Each structure stands twice: as C-alpha cells, then as structure tokens.
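Numbered by UniProt numbering, the letters in the sequence shown go through residues 1 to 173 in order.
Just so it is clear, CB atoms sit at the ideal spot from N, CA and C, and this is done for glycine as well.
Computed from a predicted model, the values in this text were never measured in an experiment.
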Amino acid sequence: MTETRDPVEAQVLPTPTGPLSLLTHEGVVVAAGFTADPHEMFVRLSPTLRALGLDVVDDLGQPARAVRDYLDGDLKALDTVEVAQPGTPTRQRLLEALRQVPPGVTVSYAELAERAGLPRTAARAAGGACAQNLIAPFVPCHRVLPSTGGFGGYYYGVPVKRWLLTHEGAVQS
C-alpha cells in the first residue's frame with residue numbers, strides 16, 4: 001500500500017487592499033499573504049511542504065469563508081481558523097501571543113514579548129517573529145507598531161497595514 005500525501009492547496013481571494021493568497025495543507029492554513037501569486041507564498045514554506053506540490057483550487061472552504069467574514073466586519077472570524085508554521089519554541093510563543101492580540105488593539109514589540117512571557121528585552125525576537133510570519137493576517141503582525149510611533153514596516157507594505165488597522169478600528173483613516 002502506497003501512502004499518498006495531499007498537496008498544498010491555494011486560493012486567491014479579492015480584498016479591498018489587494019489579492020490575498022491563502023495556502024492550506026489538509027485544512028490548516030500554512031501561509032497567507034497579500035499577493036496575487038500563491039507561488040510567492042509557496043516558496044517560503046518548509047521543504048517538506050514544498051515537496052508536496054501546489055494546487056490552486058476554487059474554494060478552500062472554511063478558511064476562505066473566514067476571510068470573507070472578516071472583510072464583512074466579523075473581525076474575530078480569522079481567529080477560528082487553525083494555522084501552523086515552523087519556528088523555535090520562542091518564536092511559537094511569540095506567534096501565539098500575537099494571535100491573542102484582539103482586533104482594534106495594537107501593541108509594541110516589547111509588549112508582544114511581555115505577552116509571550118518573555119522579558120521586554122526580547123523585543124528584537126518579537127520583531128523577528130513578525131518579519132518571518134507566513135500567515136498574515138491570521139497571525140496579525142499588522143497589530144504591532146513601533147513604540148517610537150508611526151506604522152513601522154510590514155512585509156506587504158504600509159498601505160496594507162494601514163488598511164487592516166483602519167478596518168479593525170485601531171486607527172482613523
């Protein structure tokens with residue numbers, strides 16, 4: 001008997017701030033990002049997942065519904081979706097703490113580290129976790145702002161970050 005492994009599946013969804021590519025494996029979101037090309041996200045996955053191949057599909061089901069619900073105003077809809085991404089135990093703690101930051105709330109990198117049970121001096125590690133986050137906006141790195149003010153950086157550009165924060169009511173347009 002031969003074991004078959006399902007490929008990574010992708011769907012591109014329209015959003016007011018541009019296309020969002022969603023990638024899942026066996027129903028779990030493994031990558032998401034504001035790009036029209038799911039392959040841009042696929043190449044950032046682990047070699048194990050990349051070896052499974054990529055299939056673009058018409059409907060990923062619940063993860064796609066959660067995105068549509070989020071865009072329609074249910075700001076907690078993305079919280080219901082199972083996600084998985086690689087990382088050290090420290091990075092996993094930071095990503096989990098990030099996922100607990102509610103819509104409409106922003107935190108600094110030092111506050112994120114503190115929420116993860118790490119010393120405030122771990123702000124650099126928090127910044128690294130945000131920079132390497134493969135699952136935006138499900139793992140909401142857009143909710144982290146520099147303590148010095150402004151929006152800071154964002155992998156998909158500050159206009160996307162600003163739109164997400166405005167949509168969630170964290171900033172005025």
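Considering only their Cβ atoms, is the gap separating residue j from residue i smaller than 8 Å?
i	j	result
residue 109	residue 97	no
residue 34	residue 156	yes
residue 8	residue 23	yes
residue 36	residue 19	yes
residue 75	residue 126	no
residue 101	residue 138	no
residue 115	residue 107	yes
residue 174	residue 171	Residue 174 is absent from the model: the chain starts at 1 and stops at 173.
residue 38	residue 52	no
residue 135	residue 85	yes
residue 57	residue 10	yes
residue 168	residue 89	no
residue 160	residue 48	no
Going by the DSSP bridge assignment, what does residue i pair with across the sheet?
i	result
residue 55	9
residue 101	Note: residue 101 sits in no beta bridge, so no partner.
residue 198	The structure shown does not extend to residue 198, since the chain spans only 1 to 173, so no value can be given for it.
Go ahead and pull the three-state DSSP assignment for residue i.
i	result
residue 80	helix
residue 24	strand
residue 31	strand
residue 43	coil
residue 144	strand
residue 2	For residue 2, the predicted model reports a pLDDT of 48, less than 50, meaning its position is unreliable; a value from the coordinates is still stated below. Correct three-state label for residue 2: coil.
Can you give me the Cβ contacts of residue i inside the same chain, cut-off strictly under 6 Å, excluding the 5 residues immediately before and after it?
i	result
residue 2	Legend: pLDDT at residue 2 = 48, less than 50; position of this residue unreliable, value from coordinates given subsequently. Excluding residues within five positions, none has a Cβ falling inside 6 Å.
residue 130	141, 144
residue 46	86
Which one of the options has the shortest CA to CA distance from residue i?
i	options	result
residue 28	63, 40, 77	63
residue 60	48, 21, 40, 128	21
residue 50	6, 170, 113, 148	6
residue 174	132, 81, 128	Outside the displayed span of the chain (1 to 173) sits residue 174, for which this structure offers no information.
residue 128	117, 163, 154	154
Give every residue of the same chain whose Cβ lies closer than 8 Å to the Cβ of residue i, excluding the five residues on either side of it in the sequence, and list them in chain order.
i	result
residue 15	34, 67, 71
residue 81	29, 62, 63, 66, 138
residue 40	21, 33
Whose C-beta lies closer than 7 Å to the C-beta of residue i among residues of the same chain, with five residues either side of it excluded?
i	result
residue 152	145, 146
residue 148	none
residue 77	66, 69, 70
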